[in-house]
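Enquirer: Residue numbers (my numbering): 37 to 130.
We treat Cβ as the ideally placed atom computed from N, Cα and C, and that holds for glycine.
All figures in this text were calculated on a predicted structure; none of them were measured in a lab.
Dumping the structure here so I can ask a few things about it.
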């Protein structure tokens, strides 16, 4: 499988070596459905051991709203997973 990506988070263009879906679910907050995706990408350059991507999205008044958090794997396992997950889970649209 081939992934194509622009320069993202300091990685060169088309440098993603693998992507893994860690979780996906839909949750209801304040009457709106939010779709939450947790994935990790491994890069060919090995920088940070890869990146965690936390994505949440919803549709409100005909518009798509997305919230993304991206953090390096090394920092994720050094305790930054908690504040990143808290921010991701707290996303709501008025």
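1. Might you give, ordered along the chain, the residues of its own chain that have their beta carbon closer than 8 Å to the beta carbon of residue 57, omitting 5 neighbours on each side?
2. Leaving out five residues on either side along the sequence, give the residues of the same chain with a beta carbon under 8 Å from the beta carbon of residue 66.
3. Residue 86 by DSSP, collapsed to three states: which one?
4. Please state if the CB of residue 110 and the CB of residue 85 are separated by a distance shorter than 8 Å.
5. Under three-state DSSP, which class holds residue 103?
Expert: If we stick to the structure as given:
1. Position 21 of the chain shown holds residue 57. Answer for residue 57: 73, 74, 75, listed in chain order.
2. Translated into positions along the chain shown, residue 66 becomes position 30. Cβ within range, chain order: 128.
3. Here residue 86 refers to the residue found at position 50 of the chain shown. Coil at residue 86, not helix or strand.
4. By 1-based counting over the chain shown, the position of residue 85 is 49. By 1-based counting over the chain shown, the position of residue 110 is 74. Yes, these two residues count as a Cβ contact at 8 Å.
5. Against the chain shown, residue 103 aligns to sequence position 67. Correct three-state label for residue 103: strand.
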